[in-house]
Structures are given as C-alpha cells and as structure tokens.
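I have placed the structure first, in the form of structure tokens, so that the comments after it can refer back to it.
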Amino acid sequence: MTNQTFKNRLDKIVAGALIILMALMVLNVTWQVMSRYIFQNPSSFTDELSRYMLIWLGMLGAAYVAGQDQHLAIDILPRKLNGIPKVRLMIVINSFVLFFALSVMVLGGSNLVYITFILQQKSATLQVPLAFVYTIIPISGLLVIYYQIFSIQNHLQTQKA
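Counting from 5, one number per residue, gives the positions in the sequence shown under my numbering.
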C-alpha cells in the first residue's frame, strides 16, 4: 500500500468519525433542548456529554484539517515565494507543526492522560474516567505528526523534481 493510499484511507476514517461525532452531538443537544423546554425536566447528563464531544470533535477536526493542509495560517511569505525557497519554507513550517504536535499534544497529552488515570479522576455527572476524555489529545497529536511527515515527504519529492 502506498503512502497516498494509506493517507486517503486514514482521511476517510477520520472524516467518518467526525461525521458520527457531529451527528451524535446534534442528537444530544436536541435532546437537551427538548427535555428542558418541552418536557420541563432537564436532562442531567447532556451538558457534560456535549462538552466532552466538543473536545473530541475539536481535537480530531484539527488533526483532519492539518492533514488536508487547510489549517489556519498566515501565508503572506509562502504566497510571495516560488520554487525551491517556497518548498524549503513549507518544510520548516511543517517541521514546527510536527514539533508542536509531538511535544505538546503527544507528550503533554499523554502525561495528562496518565495523571488523570493514576488519580482516577471521573467526570461529575457521567462518572466517565477523564483519562478517556483526554485520550483524544495524544491520538490527534499522532495524526498531526503523520500528516506533517507525509507533507514533508511530498515537499522533498517536489524539491528533487
């Protein structure tokens, strides 16, 4: 399997997970509104569940967008450059993003998961281990790292051509 084929499959999996998360979040918030305003008996778990789903949606969505090279960026300099200088700049930018994902998301996120697991912290209403909620941080970091390595490889191939 080529790198491009693997990336395409990974993109479909992540996009599918994002679609499912968003659909579940819409259903959850709809139930929250219905139980509060129609049934006059607010559901106790929906607020916390939607908060945690938003964390997962945001982190996984950020990884997906990084993989599509559509993340928010100030692109004044890349737009002004052409050829090899632009390719080299893009490699440097991807390297910085990779370093951030490794140090903050993977290492820092793993440390957060480990600490919350050891302390056995649980959410207030759902009683879900917070380590499970925070697991998406290092997972998203690994996805960002993969996408950045893929992008750097593409830039290096462009530079050789």
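Using N, Cα and C, we set each Cβ at its ideal position, and we do this for glycine too.
**Distance between Y138 and Q8 (C-alpha atoms, nearest Å)** = For the purposes of this step, residue 8 is taken as residue 4 along the sequence shown, with counting starting at 1. For the purposes of this step, residue 138 is taken as residue 134 along the sequence shown, with counting starting at 1. Cα-Cα distance, rounded: 29 angstroms.
**Asked** By the 10 Å Cβ neighbour count, where 16 or more other Cβ atoms means buried, how is I143 classified, buried or exposed?
**Response** As a first step, residue 143 is located in the sequence shown; it is residue number 139 there, counting from the start. By the 10 Å Cβ count, I143 comes out buried.
**Message:** According to DSSP, simplified to helix, strand and coil, what is P82?
**Reply:** For the purposes of this step, residue 82 is identified with residue 78 of the sequence shown, where counting begins at 1. Reduced to three states, the DSSP call for P82 is helix.
**Limits of the unbroken alpha helix (DSSP H) element including T9** = Within the sequence shown, numbered from 1, the residue matching residue 9 stands at position 5. Start and end: 7-37.
**Proximal residues to F154 (C-beta, below 7 angstroms), its chain only, five neighbours per side dropped** = Counting from 1 along the sequence shown, the entry for residue 154 is found at position 150. Excluding sequence neighbours, F154 sits near N7, K11.
**Prompt:** Looking at C-alpha atoms only, which residue of I141, K126, Q131, I88 is the closest neighbour of N115?
**Reply:** To locate residue 115, count along the sequence shown from 1; it is residue 111. Per the Cα distances, I141.
**Item:** Beta-carbon spacing of V18, Y56 below 8 angstroms
**Value:** Translated into the one-based positions of the sequence shown, residue 18 becomes position 14. Translated into the one-based positions of the sequence shown, residue 56 becomes position 52. No.
**Request:** With DSSP as the reference, label P133 as helix, strand or coil.
**Result:** Locating residue 133 in the sequence shown gives position 129, where the first residue counts as 1. The answer is strand: DSSP assigns P133 an E or B state.
**Item:** Close-in-space but distant-in-sequence residues of the same chain around G113 (CB under 7 angstroms, 5 per side omitted)
**Value:** By 1-based counting over the sequence shown, the position of residue 113 is 109. Excluding sequence neighbours, G113 sits near Y138, I141, P142, G145.
**Item:** Given L160 as reference, the closest of A105, S99, N45 once Cα atoms are compared
**Value:** Position 156 of the sequence shown, counted from the start, is the residue given in the question as residue 160. Minimum Cα distance to L160 is reached at S99.
**Message:** Using only the alpha-carbon positions, how far apart do L111 and R92 sit?
**Reply:** One-based indexing of the sequence shown puts residue 111 at position 107. One-based indexing of the sequence shown puts residue 92 at position 88. Taking the straight line joining both Cα atoms gives about 27 angstroms.
**Message:** Looking at the secondary structure, which residues open and close the alpha helix (DSSP H) in which G87 lies?
**Reply:** In the sequence shown, counting from the first residue as 1, residue 87 sits at position 83. Counting along the chain, the alpha helix (DSSP H) containing G87 begins and ends at 87-104.
**Prompt:** Under a Cβ-count criterion, where at least 16 other Cβ atoms within 10 Å of its own Cβ denotes burial, should D150 be classed as buried or exposed?
**Reply:** Your numbering for residue 150 matches position 146 in the sequence shown. The sequence as given places Tyr at residue 150; Asp does not occur at that position. That one is buried.
**Asked** What's the gap between the Cα of V132 and the Cα of M5?
**Response** In the sequence shown, the residue the question calls residue 132 occupies position 128. In the sequence shown, the residue the question calls residue 5 occupies position 1. So the alpha carbons of these two residues sit roughly 38 angstroms apart.
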